[in-house]
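Q: Pasting a structure here, questions to come.
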Amino acid sequence: MIREFYLLVMVLSLFLSAIIAHYSLFDRLEATNSQLELSRVVKMPLLALSVGYLESQKLFDDDSNTIYPQMQEIDRMDFVYEK
Amino acid sequence: MRSSPFLYFFTLQFFREYKNHLATTVISIALIFLLSAVLFISSSIKYSIDISLGAQADFVVERVRGGKKVDLPIEWIDTLLETRGVQKVTTRVHGRYFFEDKREWALIVGIDFMDEQSNRALEKLVESVDLEKFLFSSNMLVGDGVQRYLKEHFYPKGYNFLTPDGKYKKVSIFGTIPNSLNLMSNNMIIMPQELAKEILGIKKSMVTDLTLNVPNDNLWDSISDKIASLYYDIRVLTKREMQKAYENMYNYKSGVFLMLFLITMATFVLILYQRYSMVFSSQRRNIGLLRAVGWSIRDILKLKLYESLMVVLVSYVIGVSLAYLYVFVFDSPVLIDMFLGGENLDHKIKLIPVVDFGVLSSIFLIYTVAFIASVLIPTWSIAVTDPKEAML
């Protein structure tokens, strides 16, 4: 084996040990407990989704209709309090 | 180790001709990095969802009219409690509040000050929270994303919510939910139930939905049927259904990536195969040369096997390590949006490190077998030909 090989092995070991150290030192119990407490408070298994496609598409449409530009705008208040 | 001339020759040749392996290694690292990152994110979110679902009630009861979810009367609690096997029915008040631009929204969750379990959990969650003060005045706890949004819009201490009556309701920010919980609370606003009802336009005698527990698992199906027959517009969701829905959602998303990975890997393997089988390739000449100086077919295959294993191992370790660092240390910018979206409030999410060793070893095996086969098959076909012919 040549010196470069040992060097490569050392670099790879460094990568692996960094990961193992991070994985084993992470306080998983506290993180898990906090998530559990929040779920107990809100009683919902929710993710903070940051999506638009789950919403009514009309909400994100442009005000003007390309085919009928004179068409009346939709009443956006319908969506303000969407549940 | 130094005494083995074969290994010495192998390492010497590998590093001397590192340029031949560089492109292969870089592409392999990129492929493994992408797939591992997606799988890390997916397994971590699944883990968090499982924790969260574990704390949930067994059933959620909703009212659906005309295909839309509507509020239901509190009196339903009494009817539900009359069903044998049902325990602890609680109310939930929640809804989305769209901010003035109607594009960004926050999830308002109302908590009941009579619910001891919820209050205890809240005390544990947010340190130094004076529950009495919080629950009996116009206060709210906000998630990290909401806090940043309000601050950017010049509402650092509170917000004036527009109620359906057209009036403004001023609510002060009482505290912030720890940002380690951003995965769930980034867009969340927690406030007393009565206040939430006022802002969301829910009548005092109504709630958004109800949750209930059935301690005996064997009764779940029959109780679900019983409850569903109580009212014509009732919808009963079980914990199992919710679990399945989330699982499907994330399996689908990571499945799309896995499919893309397999297509890319097949293309890559074909390119490799082509590279070694080309008539005038330098690889072909090298093999012919080794055969000419007396190497057996077995030795040549061994050399190429070691070379391939080295490339795969280096790419795998670097790819997986970089993916781990990217997801769990640098909070997976850009890629997390594939799972959670990036259209609403900005999120900086810290995921809990979860490593699915089964999936990781499957990636390794699939990748290694395909990679080694694409190198060894053409190598073998060259090695068995006459060295003179191979060196042409």
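First to last, the sequence lines map onto chains A and B.
Residues 1 to 83 (the numbering used here) make up the first sequence, in order.
Residues 84 to 475 (the numbering used here) make up the second sequence, in order.
Every residue gets a Cβ at the ideal spot worked out from N, C-alpha and C, and that includes glycine.
1. Where does Gln35 (chain A) fall in DSSP's three states?
2. Shortest alpha-carbon distance to Ala349 (chain B) belongs to which of B:His104, B:Gly149, B:Ser111, B:Asn269?
3. Using the Cα positions of Glu158 (chain B) and Val176 (chain B), report the straight-line distance between them to the nearest angstrom.
4. Determine contact between the stretch 136-153 of chain B and the stretch 279-296 of chain B, defined as no fewer than three beta-carbon pairs at a distance below 8 angstroms.
5. Give every residue of the same chain whose Cβ lies closer than 6 angstroms to the Cβ of Gln57 (chain A), excluding the five residues on either side of it in the sequence, and list them in chain order.
6. Among the residues of its own chain, which have a CB less than 7 angstroms from the CB of Val410 (chain B), if the five just before and after it don't count?
7. To test your reading of the DSSP string, which unbroken beta strand (DSSP E) runs of 3 or more residues are found completely within the stretch 261-304 of chain B?
8. Compute the beta-carbon to beta-carbon distance between Val400 (chain B) and Leu7 (chain A), rounded to the nearest angstrom, for a pair I have assumed lies under 8 angstroms.
9. Taking the Cβ atom as the reference point for each residue, do Ile194 (chain B) and Pro275 (chain B) lie within a distance shorter than 8 angstroms?
10. For Met267 (chain B), count neighbouring Cβ atoms within 10 angstroms of its own Cβ and tell me buried if that reaches 16, exposed if not.
11. Are Leu396 (chain B) and Val229 (chain B) touching if we call contact CB-CB under 8 angstroms?
12. So for Ala189 (chain B), helix, strand or coil by DSSP?
13. Looking at Ile446 (chain B): is its Cβ nearer than 8 angstroms to the Cβ of Ile128 (chain B)?
14. Report the residue from A:Ser39, A:Leu46, A:Ala48 whose alpha carbon sits nearest the alpha carbon of Asn202 (chain B).
15. Could you have a look at Ser391 (chain B) and say whether DSSP puts it in helix, strand or coil?
16. Measuring alpha carbon to alpha carbon, tell me which residue in B:Glu215, B:Phe181, B:Val458 is nearest Leu393 (chain B).
17. By the 9 angstroms beta-carbon criterion, what residues does the stretch 255-278 of chain B contribute toward chain A?
18. Who are the neighbours of Thr321 (chain B) on chain A, taking C-beta pairs under 7 angstroms?
19. Against chain B, with Cβ distances strictly below 8 angstroms, would Leu29 (chain A) count as a contact?
20. Within 10 angstroms of its Cβ, does Arg367 (chain B) collect 16 or more other Cβ (buried), or is it exposed?
21. Output, in chain order, the set of chain A residues within a Cβ distance shorter than 9 angstroms of Met506 (chain B).
22. Inspect the beta-carbon positions of Leu264 (chain B) and Gln35 (chain A) and report whether they are closer than 8 angstroms.
23. Can you give the Cα-Cα distance for Ile191 (chain B) and Met271 (chain B), rounded to whole angstroms?
24. With C-beta atoms as the reference, is Gly258 (chain B) less than 8 angstroms away from Leu224 (chain B)?
25. With DSSP run on the structure shown, which of helix, strand or coil describes Thr259 (chain B)?
26. Do the CB positions of Lys43 (chain A) and Gln139 (chain B) come within less than 8 angstroms of each other?
27. Given this structure, state the Cα-to-Cα distance separating Arg179 (chain B) from Ile282 (chain B), to the nearest angstrom.
28. I need the boundaries of the beta strand (DSSP E) containing Val438 (chain B), first residue and last residue.
29. Quick one: Cα of Phe237 (chain B) to Cα of Pro247 (chain B), how far?
30. Which parts of the stretch 296-375 of chain B are runs of the beta strand (DSSP E), unbroken and 3 residues or longer, counting only runs that do not cross its ends?
31. First and last residue of the beta strand (DSSP E) that includes Leu167 (chain B)?
32. Between B:Phe181, B:Ile160, B:Glu183, which has its C-alpha nearest Val172 (chain B)'s C-alpha?
33. Return the chain-ordered list of same chain residues with a C-beta closer than 7 angstroms to the C-beta of Arg148 (chain B), the five sequence neighbours on each side being excluded.
34. What number of angstroms, rounded off, separates the C-alpha of Ala189 (chain B) from the C-alpha of Glu206 (chain B)?
35. Give the straight-line distance between the Cα atoms of Leu278 (chain B) and Thr321 (chain B), rounded to the nearest whole angstrom.
36. Which whole-angstrom value is the C-beta distance of Leu16 (chain A) and Ser404 (chain B), which I expect to be below 8 angstroms?
A: According to the data block:
1. Counting from 1 along the first sequence, the entry for residue 35 (chain A) is found at position 35. Gln35 (chain A) falls in the helix class under three-state DSSP.
2. On the second sequence, residue 349 (chain B) is found 266 positions in, with the first residue counted as 1. Of the residues B:His104, B:Gly149, B:Ser111, B:Asn269, the one whose Cα lies closest to the Cα of Ala349 (chain B) is B:Ser111.
3. The sequence position of residue 158 (chain B) within the second sequence is 75, counting from 1. The sequence position of residue 176 (chain B) within the second sequence is 93, counting from 1. Roughly 15 angstroms between the two C-alpha positions.
4. Result yes; three or more Cβ-Cβ pairs closer than 8 angstroms.
5. Here residue 57 (chain A) is taken as the residue at index 57 of the first sequence, counted from 1. With a pLDDT of 41 at Gln57 (chain A), under the threshold of 50, the modelled position of this residue cannot be trusted; read the value that follows with caution. Nothing meets the Cβ criterion.
6. Here residue 410 (chain B) refers to the residue found at position 327 when the second sequence is read from its first residue. The answer, listed in chain order, is Ala120, Phe123, Ile124, Leu434.
7. The stretch 261-304 of chain B contains these whole beta strand (DSSP E) runs: 271-275, 292-296.
8. As a working mapping, residue 400 (chain B) is identified with position 317 in the second sequence. As a working mapping, residue 7 (chain A) is identified with position 7 in the first sequence. About 14 angstroms separates the beta carbons of Val400 (chain B) and Leu7 (chain A), which is beyond the 8 angstroms limit, so they are not a contact pair.
9. Residue 194 (chain B) sits at position 111 when you count from the first residue of the second sequence. Residue 275 (chain B) sits at position 192 when you count from the first residue of the second sequence. Closer than 8 angstroms, so yes.
10. Stepping through the second sequence from its first residue, residue 267 (chain B) is reached at position 184. It is buried - the Cβ of Met267 (chain B) has at least 16 other Cβ atoms within 10 Å.
11. Numbered from its first residue, the second sequence carries residue 396 (chain B) at position 313. Numbered from its first residue, the second sequence carries residue 229 (chain B) at position 146. No; because the gap between Cβ atoms is not below 8 angstroms, this pair is not in contact.
12. Residue numbering aside, residue 189 (chain B) sits at position 106 when the second sequence is read from its first letter. When DSSP states are grouped into helix, strand and coil, Ala189 (chain B) belongs to the strand group.
13. As a working mapping, residue 446 (chain B) is identified with position 363 in the second sequence. As a working mapping, residue 128 (chain B) is identified with position 45 in the second sequence. Taking 8 angstroms as the cut-off, the beta carbon of Ile446 (chain B) is found no closer than this to the beta carbon of Ile128 (chain B).
14. Locating residue 202 (chain B) in the second sequence gives position 119, where the first residue counts as 1. The option with the nearest alpha carbon to Asn202 (chain B) is A:Ser39.
15. What you label residue 391 (chain B) is simply residue 308 of the second sequence in a count that begins at 1. Reduced to three states, the DSSP call for Ser391 (chain B) is helix.
16. In the second sequence, residue 393 (chain B) corresponds to position 310, counting from 1. A small correction: the amino acid at residue 393 (chain B) is Met; Leu does not occupy that position in the sequence shown. Looking only at B:Glu215, B:Phe181, B:Val458, the smallest Cα-Cα distance to Met393 (chain B) is reached by B:Val458.
17. Residues are counted here when their Cβ sits less than 9 angstroms from a Cβ of chain A; for the stretch 255-278 of chain B these are Ile260, Pro261, Ser263, Leu264, Asn265, Leu266, Met267, Ser268, Asn269, Asn270, Met271, Ile273, given in chain order.
18. The residue you call residue 321 (chain B) lines up with position 238 of the second sequence. What Thr321 (chain B) touches in chain A: nothing, since even the nearest Cβ is about 12 angstroms away.
19. Taking the first residue of the first sequence as position 1, residue 29 (chain A) is located at position 29. Not an interface residue.
20. Against the second sequence, residue 367 (chain B) aligns to sequence position 284. Buried, because 16 or more other Cβ atoms sit within 10 Å of the Cβ of Arg367 (chain B).
21. Because chain B is modelled from 84 through 475, residue 506 (chain B) falls outside the range shown and cannot be assessed.
22. If you number the second sequence from 1, residue 264 (chain B) lands on position 181. If you number the first sequence from 1, residue 35 (chain A) lands on position 35. Contact check for Leu264 (chain B) against Gln35 (chain A) passes: the beta carbons are separated by less than 8 angstroms.
23. Start at 1 with the first residue of the second sequence, and residue 191 (chain B) comes out as number 108. Start at 1 with the first residue of the second sequence, and residue 271 (chain B) comes out as number 188. For Ile191 (chain B) and Met271 (chain B), the distance between alpha carbons rounds to 6 angstroms.
24. As a working mapping, residue 258 (chain B) is identified with position 175 in the second sequence. As a working mapping, residue 224 (chain B) is identified with position 141 in the second sequence. Yes, they are a contact pair.
25. Here residue 259 (chain B) corresponds to residue number 176 of the second sequence, with the count starting at 1. Three-state result, Thr259 (chain B): strand.
26. Numbered from its first residue, the first sequence carries residue 43 (chain A) at position 43. Numbered from its first residue, the second sequence carries residue 139 (chain B) at position 56. The Cβ atoms of Lys43 (chain A) and Gln139 (chain B) lie closer than 8 angstroms to each other.
27. Taking the first residue of the second sequence as position 1, residue 179 (chain B) is located at position 96. Taking the first residue of the second sequence as position 1, residue 282 (chain B) is located at position 199. Within the model, the alpha-carbon separation for Arg179 (chain B) versus Ile282 (chain B) is close to 10 angstroms.
28. By one-based count along the second sequence, residue 438 (chain B) stands at place 355. That residue, Val438 (chain B), is in no beta strand (DSSP E); it is neither H nor E in DSSP.
29. For the purposes of this step, residue 237 (chain B) is taken as the residue at position 154 of the second sequence. For the purposes of this step, residue 247 (chain B) is taken as the residue at position 164 of the second sequence. One C-alpha to the other measures close to 23 angstroms.
30. Restricted to the stretch 296-375 of chain B, the beta strand (DSSP E) segments that are unbroken, complete and at least 3 residues in length are 317-321, listed in chain order.
31. By 1-based counting over the second sequence, the position of residue 167 (chain B) is 84. This sequence places Arg at residue 167 (chain B); Leu is not what is there. Looking at the DSSP string, Arg167 (chain B) is not in any beta strand (DSSP E), and its letter there is neither H nor E.
32. Taking the second sequence and counting its residues from 1, the one referred to as residue 172 (chain B) is at position 89. The option with the nearest alpha carbon to Val172 (chain B) is B:Ile160.
33. Within the second sequence, residue 148 (chain B) is the residue found at index 65, counting from 1. For Arg148 (chain B), where only same-chain residues beyond five positions count, the Cβ hits under 7 angstroms are Asp316.
34. Taking the first residue of the second sequence as 1, we reach residue 189 (chain B) at position 106. Taking the first residue of the second sequence as 1, we reach residue 206 (chain B) at position 123. Going by the C-alpha atoms only, they are around 22 angstroms apart.
35. The sequence position of residue 278 (chain B) within the second sequence is 195, counting from 1. The sequence position of residue 321 (chain B) within the second sequence is 238, counting from 1. One alpha carbon belongs to Leu278 (chain B), the other to Thr321 (chain B), and they sit about 28 angstroms apart.
36. Within the first sequence, residue 16 (chain A) is the residue found at index 16, counting from 1. Within the second sequence, residue 404 (chain B) is the residue found at index 321, counting from 1. With a beta-carbon spacing of about 7 angstroms, Leu16 (chain A) and Ser404 (chain B) fall inside the 8 angstroms limit used to define contacts.
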